[in-house]
Amino acid sequence: MGGTNRPFHPVLMFEFCADPKAIDGLKWMACYLTTPKHQQFYFSFLIVLALIAGTAPLVMLLGFCGAFMRRSAILPIKWLGHIYTSMVRGVPDIVFFLFVPIAMDQAFEYTRHRILCPEVTEPVYRGNDFVVCTAAKLPLSSSPQWVHETYGFILAMIAFAVVFGAFAANTIDGALRAVPKAQLETARAYGMSERQTFWRIHLPQMWTFALPGLSNLWMVLVKSTPLLFLLGIEDIVYWARELGGTKTSFFEYPHPDWRAWYFLSLLIFYLLLTWVSEKAFAALTRRVSRGMATQGGKDATAGNAAEPEIAGARL
Amino acid sequence: MKSLIIGVVAAAFTATVAFADSHAVRMGTEGAYEPYNFINDKGEVDGFERELGDKLCEIAGYSCTWVKNDWDSIIPNLTSGNYDTIMAGMSITDERKEKINFTEAYFPPDPSAYVSLAGADAEVINGNVAAQTNTIQAGHVSSSGATLVEYATPDETIAAVRNGEADAVMADKAYLRKLVEESGGELEFVGEDVMLGTGIGMGIRKSDEEMLAKFNAAIQQLKSDGTINTLIEKWFEMKGPY
């Protein structure tokens, strides 16, 4: 019971924490910062990192699919690719984040209802209510809370991937176009097949043009993770607000309004995350620019440690 | 994109066909309105409504799980089926009754009160008054002629008074009492208490008539055997009226 049976087990960190009212100073602080509630706060940082780590590959997948659809010779597929990228790029992110999980959830439940409970004759939409039979609920009401949370998390991840995938598709499509035609013509002149030209010449050269855009996208993705909060997922923003608020003696560790400190910790977390990302992307850019006929490529080949020029084109 | 959707759909259908338990009930609450409901230091839902709700579930024969949800979306997420009940210090009002059903009240109409910084003029209740969005207090403030300043959580309404964004805050007196007592003289009740609403009930989807009947019966039982009174005395420092 309780809304807190999570996939990890909180522990009492220190023996002396048994009676919070009897301790003060550093001991109080040590106990306060290790309450099971704080452990959930620390765990939520992992949720944010998991969201980023899980979403990025999906974004690349959707990005490549979108880009290839846009480049397809078959018209309906080409249109579909264009519809996907322009529609998602043209709608505010928040609208999509709110729409996609609810729409997917109801679509799944509706379909399950039709398949699993054909005997129910009452409509699914009754007035304000969206009612599916017990067996069609997703997750089932009887599933443990962590299943519900994981389900919500996966829906959120898909919403993020759909939105950022459209931007990635645009970037990758642009980068594929930016590879000098002469390179591809030369490859064919050497007798490479279409497939060989793509894998050996086109794709490797594409990265140097795609990376600035993709690194931008990564930064925006990192910075949009607090939107998880909007989707009802208990992320770091939820816990910072909840833990930071004024606590009266209804709580074991009463304290005044400490929200500023909690939000400061989030600020530091995000700054660290983006700082590390910047470094990683700079290294990656140097790596893919080597031997390229661009300014960045010349710098990298000459062993010049200066930031490649292409990175200067970041928006 | 297509393979992704197919994959997710496949997972959705294979995952959970096995056990459908009609006795599993998910209890939605806000978890930010002590002593009605709050998240204690163990990270669990706690408070008057947690204790009462667990007893009601036992009597009604449900196995209940508590779910947190923001106040703002607590009714829409009930009607869309994310959970099955609301116990979140929610007053029974006609406006809400258009969307959901309520059980009979398990808590009497509680006086609402204004709080401002100590030493403020009694006129502050006609100035900028903070209240939580979609509450009966927010409705009262906007109809009282004062300027309503709305916040998403109860805690933010108090913080707004502390940092001067609002002149006063209006909320249930039971919520404000300890905040005032333990503010070290910083906060003070101001003006007269106002009786709002017709008591607090459990919100249930209109389509769940069987559940409504079961919880109503359970509430009546706990009222007549004095359990609800005992719980009210424990959490609210007041005498139970039932």
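Chains as they are written, first to last, in my numbering: chain D, 2 to 316; chain G, 1285 to 1526. Cβ coordinates follow ideal geometry from the N, Cα and C atoms, glycine included. Being a predicted model, the structure only gives us computed values, none of them experimental.
- Cβ-Cβ distances below 7 Å link Ala1316/G to Phe1322, Thr1437, Pro1438 and Asp1439 in the same chain, with the five nearest sequence neighbours on each side left out; the list follows chain order.
- In the DSSP annotation of this structure, the continuous segment of the alpha helix (DSSP H) that includes Gly67/D starts and ends at Pro37 to Arg72.
- Segment contact: the region 105-112 of chain D against the region 86-97 of chain D, fewer than three CB-CB distances shorter than 8 Å; contact not assigned.
- Going by C-alpha positions, Ile78/D is about 24 Å away from Thr56/D.
- In terms of Cβ geometry, Ser142/D and Thr151/D do not form a close pair [threshold 8 Å].
- Not a single CB atom of chain G sits nearer than 8 Å to the CB of Ser278/D.
- Taking a 10 Å sphere around the C-beta of Pro145/D, we find fewer than 16 other C-beta atoms and assign the residue as exposed.
- Residue ranges of uninterrupted alpha helix (DSSP H) with 4 or more members are absent from the region 128-153 of chain D; none lies entirely inside it.
- Here Ala1402/G has Gly1469, Glu1470, Leu1471 and Glu1472 as same chain residues with Cβ atoms under 7 Å from its own Cβ, once five neighbours each way along the sequence are excluded.
- Per DSSP, reduced to three states, the secondary structure at Val1399/G is strand.
- Here Ser1375/G is not near Gly1475/G, since their CB atoms are 8 Å or more apart.
- Taking a Cβ-Cβ cut-off of 8 Å, Arg1380/G has no neighbours in chain D, whose nearest Cβ is about 11 Å from it.
- No residue range can be given for Gly1483/G, since it is assigned to no alpha helix (DSSP H) and is classified by DSSP as neither H nor E.
- Assignment of Arg1446/G by DSSP, reduced to helix, strand and coil, places it in the helix class.
- Residue environment for Val1309/G: buried (at least 16 other C-beta atoms within 10 angstroms of its C-beta).
- Interface residue (Cβ-Cβ distance to chain G less than 8 Å): Asp20/D is not classified as such.
- Under the 8 Å criterion on CB atoms, Thr1349/G is classed as interfacial with respect to chain D.
- Looking at the backbone, the Cα of Cys118/D and that of Val1464/G are separated by about 53 Å.
- For Arg113/D, the uninterrupted alpha helix (DSSP H) segment begins and ends at Asp94 to Leu117.
- Judged by pairs of C-beta atoms under 8 Å, the region 1389-1402 of chain G touches the region 1445-1465 of chain G, as three or more such pairs exist.
- For the set Pro1392/G, Ile1370/G, Tyr1435/G and Asp1325/G, the Cα lying nearest the Cα of Cys1341/G is the one of Ile1370/G.
- Residues of chain G whose Cβ lies closer than 8 Å to the Cβ of Tyr254/D are, in chain order, Asp1325.
- With respect to Glu1388/G, Ile1358/G sits apart: the two C-beta atoms are not nearer than 8 Å.
- Less than 8 Å divides the Cβ of Phe210/D from the Cβ of Ala176/D.
- Residues of chain D whose Cβ lies closer than 7 Å to the Cβ of Lys1383/G are, in chain order, Asn129.
- Using a CB distance cut-off of 8 Å, Asp25/D does not count as an interface residue toward chain G.
- Between Leu139/D and Asp106/D, the CB-CB gap stays under 8 Å.
- Any Cβ of chain G closer than 8 Å to the Cβ of Lys79/D would place that residue at the interface, and such an atom is absent.
- Under the 8 Å criterion on CB atoms, Thr1482/G is classed as non-interfacial with respect to chain D.
- By the CB criterion at 8 Å, Ala1430/G and Thr1441/G fall outside the cutoff.
- The C-beta of Pro1319/G comes closer than 8 Å to at least one C-beta of chain D.
- Contact between Lys1490/G and Ile1343/G does not hold, since their C-beta atoms are separated by about 23 Å, which reaches or exceeds 8 Å.
- With the criterion set as a beta carbon lying under 9 Å from some beta carbon of chain D, the region 1399-1416 of chain G has no members that meet it.
- Around the beta carbon of His1307/G, a 10 Å sphere encloses fewer than 16 other beta carbons of the protein chains shown; the residue is thus reported as exposed.
- Around Asp1354/G, the beta-carbon contacts reaching into chain D at under 8 Å are Gly233.
- When C-alpha distances from Tyr85/D are compared across Val164/D, Pro58/D and Thr122/D, the shortest belongs to Val164/D.
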